[in-house]
Amino acid sequence: MPMIATPQSMHFAEPLPLQSGAVLRDYMLAFETYGTLNADRSNAVLICHALNASHHVAGVYEGQERSEGWWDNMIGPGKPVDTNRFFVIGINNLGSCFGSTGPMHTDPATGRVYGADFPVVTVEDWVNAQARLLDALGIQTLAAVMGGSLGGMQALSWTLQYPERMRHAVVVASAPNLNAENIAFNEVARRAIVTDPDFHGGHFYEHNTVPQRGLRIARMIGHITYLSDDVMNTKFGRQLRRDEDDTAPGYRYSTQDVEFQIESYLRYQGDKFSEYFDANTYLLITRALDYFDPARAYGGNLSQALARASCKFLLVSFTTDWRFSPQRSREIVKALLDNRRRVSYAEIDAPHGHDAFLLDDARYMGVVRSYFESMSKELA
Amino acid sequence: MSDLTIMESIARLVPHGSRVLDLGCGDGAMLDYLQRHRGCSGYGIEISDANVLACVQRGVDVVQLNLDEGLTLFDDASFDVVLQLDTLQHLRNAETMLRETARVGRTGIVSFPNFAHWPNRLSVARGRMPVTRRLPYQWYDTPNIRVGTYKDFEVLAHKNQLRVLDAYGLQDGLEVRWLPNLRAGTAVFRFERG
Chain A
13 MPMIATPQSM
23 HFAEPLPLQS
33 GAVLRDYMLA
43 FETYGTLNAD
53 RSNAVLICHA
63 LNASHHVAGV
73 YEGQERSEGW
83 WDNMIGPGKP
93 VDTNRFFVIG
103 INNLGSCFGS
113 TGPMHTDPAT
123 GRVYGADFPV
133 VTVEDWVNAQ
143 ARLLDALGIQ
153 TLAAVMGGSL
163 GGMQALSWTL
173 QYPERMRHAV
183 VVASAPNLNA
193 ENIAFNEVAR
203 RAIVTDPDFH
213 GGHFYEHNTV
223 PQRGLRIARM
233 IGHITYLSDD
243 VMNTKFGRQL
253 RRDEDDTAPG
263 YRYSTQDVEF
273 QIESYLRYQG
283 DKFSEYFDAN
293 TYLLITRALD
303 YFDPARAYGG
313 NLSQALARAS
323 CKFLLVSFTT
333 DWRFSPQRSR
343 EIVKALLDNR
353 RRVSYAEIDA
363 PHGHDAFLLD
373 DARYMGVVRS
383 YFESMSKELA
Chain B
185 MSDLTIMESI
195 ARLVPHGSRV
205 LDLGCGDGAM
215 LDYLQRHRGC
225 SGYGIEISDA
235 NVLACVQRGV
245 DVVQLNLDEG
255 LTLFDDASFD
265 VVLQLDTLQH
275 LRNAETMLRE
285 TARVGRTGIV
295 SFPNFAHWPN
305 RLSVARGRMP
315 VTRRLPYQWY
325 DTPNIRVGTY
335 KDFEVLAHKN
345 QLRVLDAYGL
355 QDGLEVRWLP
365 NLRAGTAVFR
375 FERG
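This is the structure in structure tokens:
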């Protein structure tokens, strides 16, 4: 029987000062928890989400088919992050569109929907907000903070912002900052959204419309970067898209019809995404990715930046991930080694590109499972 | 000779409380032993997925890395001891890694199968490559791509300006200090940069 998840939310009246200098006066955080907090409150694990995910990390919603959380293969009873042993918390980040305060909510200062006026939030701001929610739940110290991709950046930032509040960081398919190529992809996605005539300067809600064209293209380009060349060729290759009753063997000689399977796939992914994701959220989250760079305050010296981290680390990367390549994880490993921190690093030879962090791979799952098993032995 | 005896014998060469880097650490048994019995800390380096998993299961810190890519992750003299136990013979760039071992560690400890052990010599004299408990592979499927002798290592160490601090053979759980090149299946060297 699948684990049933129940979304919760918490209101915060105390203003949250943001890295930009702006202040979020009043906000809500959506979250879910799985498992049971033990008597000495030592078994809590925070899961940080990436670009298009949410607080719904694991389990299903009662009576809703196919409502599994985004990391349901990793987290749950008997799974690598075993909710029979750990109390797992998923929090939706500020600026998101899945329940926590975001651009589609009303700005209490103006009475208008935030839209493009929602303040720019950073990874550090998210971590501060997450820490406040943990305060409210009475959790002083986390057994672990874990995340993949942008979620891994949050886990890394936790080790610098609240080193005394955590014992382990599990950082999967992540990076100490984005490189120029990554920022470039984000910028293409943002331009697609912003130049959509339906964007209306980010105040499209008032015009009862959604910049779906921009969102579709943003998602299409994102999707290309999450896959590897190999996987795309194996899955789609040069296969043509043909209806079952279509027996014509050749090309259609059309520049605008869907001709290849990969086009059909990307359009489908884009369409699906544009129906549920918020355009302003996409802009905010890609910007948070761009800005994250803990070494910046140390003249680019990551070793100096990570000197504050005191917990144990597990890092995992995937050989075919070119968006957050193994080299980027090794930079983090090197900085931790320079600081003589405890760290293990697994480089999984998986074909799936960046997406591998969400998929089942026995080696990946095995390492995470073993790491959490030895962590659970530290618990009383 | 049991693995435990080899481990104990080599562990005696590692000072208490050392910071240790174990190149080709296998399932992490040596580091685990050094952490439990000699108060050491450190990391293992492994290429194999199964061994990385075994290390994580034991709670031994491990970094998955192909040693043939070098040790650029590690600064000069950043470890008290760098171990290279039964690893050298698997490396394409064995000489480079020996120099890297001496660069990263204040001392290095290397052990490897001694090809000049007398049963091996006998086998070669009979015209066949040796297949023994210590060298259990056929010539065509052996992972030991660098077959060398105790004496060969002395020459290589000299060539790379390594100062040998201690050297001996291991056979049947015992240290062999008299004619080790003939009488021991395993060669052990402890050295530092000269």
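The listed protein sequences derive, respectively, from chains A and B. Here my numbering is used: the first residue of the first sequence is 13, the next is one more, and so on. Here my numbering is used: the first residue of the second sequence is 185, the next is one more, and so on. Note that beta-carbon positions come from the ideal geometry of N, C-alpha and C, so glycine has one too. Remember, it's a predicted structure, so these values are computed and weren't measured experimentally.
For a quick check, are the C-beta atoms of residue i and residue j less than 8 Å apart?
{"i": "B/Gly226", "j": "B/Arg242", "result": "no"}
{"i": "B/Asp245", "j": "A/Val355", "result": "yes"}
{"i": "A/Thr237", "j": "A/His366", "result": "yes"}
{"i": "B/Gly346", "j": "B/Phe375", "result": "The sequence given here has Leu at residue 346 of chain B, not Gly. In this structure, B/Phe375 lies closer than 8 Å to B/Leu346 by Cβ."}
{"i": "A/Ala185", "j": "A/Val328", "result": "yes"}
{"i": "B/Asp211", "j": "B/Asn250", "result": "no"}
{"i": "A/Val133", "j": "A/Ala300", "result": "yes"}
{"i": "A/Cys323", "j": "A/His117", "result": "no"}
{"i": "A/Gly150", "j": "A/Arg254", "result": "no"}
{"i": "B/Thr291", "j": "B/Val265", "result": "yes"}
{"i": "B/Leu282", "j": "B/Asn304", "result": "no"}
{"i": "A/Val293", "j": "A/Pro115", "result": "Before going on, a small fix: residue 293 of chain A reads as Thr here, not Val. Yes, the Cβ-Cβ distance between A/Thr293 and A/Pro115 is below 8 Å."}
{"i": "A/Leu41", "j": "A/Ser21", "result": "yes"}
{"i": "A/Val100", "j": "A/Thr153", "result": "no"}
{"i": "B/Gly353", "j": "B/Thr333", "result": "no"}
{"i": "A/Ser341", "j": "B/Val240", "result": "no"}
{"i": "A/Met15", "j": "A/Ala156", "result": "no"}
{"i": "B/Ala300", "j": "B/Leu363", "result": "no"}
{"i": "A/Thr171", "j": "A/Met165", "result": "no"}
{"i": "B/Ile229", "j": "B/Asp206", "result": "yes"}
Is the Cβ of residue i closer than 8 Å to any Cβ of chain A?
{"i": "B/Leu340", "result": "no"}
{"i": "B/Asp252", "result": "no"}
{"i": "B/Asp233", "result": "yes"}
{"i": "B/Val294", "result": "no"}
Any C-beta of chain B sitting closer than 8 Å to the C-beta of residue i?
{"i": "A/Glu26", "result": "no"}
{"i": "A/Ala358", "result": "yes"}
{"i": "A/Ala382", "result": "It is worth fixing the name first, because residue 382 of chain A is Ser in this sequence and not Ala. Output row for A/Ser382: interface = yes."}
{"i": "A/Val182", "result": "no"}
{"i": "A/Arg179", "result": "no"}
Which residues in chain A have a C-beta closer than 8 Å to the C-beta of residue i? List them in chain order.
{"i": "B/Val198", "result": "Within 8 Å Cβ-Cβ: nothing; B/Val198 doesn't reach chain A, min ~18 Å."}
Along chain B, which residues have their Cβ under 7 Å away from the Cβ of residue i?
{"i": "A/Leu349", "result": "Leu257, Phe258"}
{"i": "A/Arg342", "result": "Leu257"}
Counting only Cβ pairs nearer than 9 Å, list the residues of chain B close to residue i.
{"i": "A/Ser386", "result": "Val240, Gln241, Arg242, Gly243"}
{"i": "A/Arg354", "result": "Ser225, Tyr227, Asp245"}
{"i": "A/Arg375", "result": "Asp233, Ala234, Val236, Leu237"}
By the criterion of Cβ-Cβ separation under 8 Å, what are the contact partners of residue i in chain B?
{"i": "A/Gly1", "result": "Residue 1 of chain A lies beyond the range of chain A shown here (13 to 392); nothing can be said about it."}
{"i": "A/Phe91", "result": "Reading off the sequence shown, one finds Lys at residue 91 of chain A, where the question assumed Phe. Those within 8 Å of A/Lys91 in chain B number zero; the least Cβ separation is about 17 Å."}
{"i": "A/Val345", "result": "Val247, Leu257"}
May I ask you to check if the CB of residue i is nearer than 7 Å to at least one heavy atom of the ligand SAM?
{"i": "A/Pro188", "result": "The model depicted lacks the ligand SAM and carries no ligand whatsoever."}
task: Counting only runs of 3+ residues fully inside the segment 313-375 of chain A, write out the beta strand (DSSP E) ranges in chain order.
output: Segments of the beta strand (DSSP E) lying fully in the segment 313-375 of chain A: 324-330, 355-360.
Contiguous beta strand (DSSP E) assignments of at least 3 residues, all confined to the segment 142-180 of chain A: Taken in chain order, the unbroken stretches of beta strand (DSSP E) that lie wholly in the segment 142-180 of chain A and span 3 residues or more are 156-160.
query: Just checking, does the segment 103-114 of chain A make contact with the segment 80-93 of chain A on the three C-beta pairs under 8 Å criterion?
result: Result no; under three Cβ-Cβ pairs closer than 8 Å.
- prompt: Is it true that the segment 355-364 of chain A meets the segment 229-248 of chain A, where meeting means three or more beta-carbon pairs spaced less than 8 Å apart?
  reply: Under the Cβ criterion (8 Å, minimum of three pairs), the segment 355-364 of chain A counts as touching the segment 229-248 of chain A.
query: So, do the segment 345-354 of chain A and the segment 202-210 of chain A have three or more beta carbon pairs nearer to each other than 8 Å?
result: Because the criterion of three Cβ pairs below 8 Å is not met, the segment 345-354 of chain A and the segment 202-210 of chain A do not touch.
message: I'd like the ranges of any beta strand (DSSP E) spanning at least 3 consecutive residues and lying wholly in the segment 216-249 of chain B.
response: Fully enclosed beta strand (DSSP E) runs of 3 or longer: 225-230, 246-248.
message: My parser needs the alpha helix (DSSP H) runs of 4 or more residues fully inside the segment 205-239 of chain A; what are they?
response: Within the segment 205-239 of chain A, the runs of alpha helix (DSSP H) at least 4 residues long that lie entirely inside it are, in chain order, 224-238.
message: Measuring CB atoms only, is the segment 223-239 of chain A touching the segment 189-205 of chain A, in the sense that at least three cross pairs come out at less than 8 Å?
response: Yes, they touch.
field: Complete alpha helix (DSSP H) runs within the segment 318-349 of chain B (minimum length 4 residues, chain order)
entry: Qualifying alpha helix (DSSP H) stretches, in chain order: 334-343.
- prompt: So does the segment 296-311 of chain A actually touch the segment 134-149 of chain A, counting three or more Cβ pairs closer than 8 Å?
  reply: Touching, yes, given that three or more Cβ pairs across the two stretches are closer than 8 Å.
message: Quick check for students: name the residue ranges of the beta strand (DSSP E) that lie wholly in the segment 49-107 of chain A, counting only runs of 3 or more.
response: Runs of the beta strand (DSSP E) inside the segment 49-107 of chain A: 56-60, 99-103.
- prompt: Could you give the uninterrupted runs of the beta strand (DSSP E) lying entirely in the segment 250-279 of chain A, keeping only those of 3 residues or more?
  reply: The qualifying runs do not exist here; there are none.
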